[in-house]
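Trainee: Numbering (the numbering used here), first residue to last: 2 to 71.
(1) Which residues bound the beta strand (DSSP E) around residue 30?
(2) Between the alpha carbons of residue 27 and residue 45, how many angstroms are there, rounded?
(3) Have a look at residue 71 and residue 31 and give me their C-alpha separation to the nearest angstrom.
(4) Check whether the Cβ atoms of residue 1 and residue 41 sit closer than 8 Å, and answer yes or no.
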């Protein structure tokens, strides 16, 4: 599955609520590392309720990690 190229912007604005962002992040499964496929810093993220075999395949292909069985 090819990765889409998206931009993420970070704004260090201390006047806004940081907890709003944390509320979103805690609902996601997120991996950030150097991709074994591209050699570039890569972020893979998916909402916990929408995890698919394709997401886990991408995590394995890019980072060599496998889904832990519960």
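Idealized CB from N, CA, C, for every residue including glycine.
Mentor: In terms of the structure at hand:
(1) Here residue 30 corresponds to residue number 29 of the chain shown, with the count starting at 1. Residues 29-35.
(2) For the purposes of this step, residue 27 is identified with residue 26 of the chain shown, where counting begins at 1. For the purposes of this step, residue 45 is identified with residue 44 of the chain shown, where counting begins at 1. Cα to Cα, residue 27 sits roughly 14 Å from residue 45.
(3) The residue given as residue 71 occupies position 70 in the chain shown. The residue given as residue 31 occupies position 30 in the chain shown. Only weak support is given to the placement of residue 71: the predicted model assigns it a pLDDT of 48, under 50, and the question is left unresolved by the model.
(4) Residue 1 is absent from the model: the chain starts at 2 and stops at 71.
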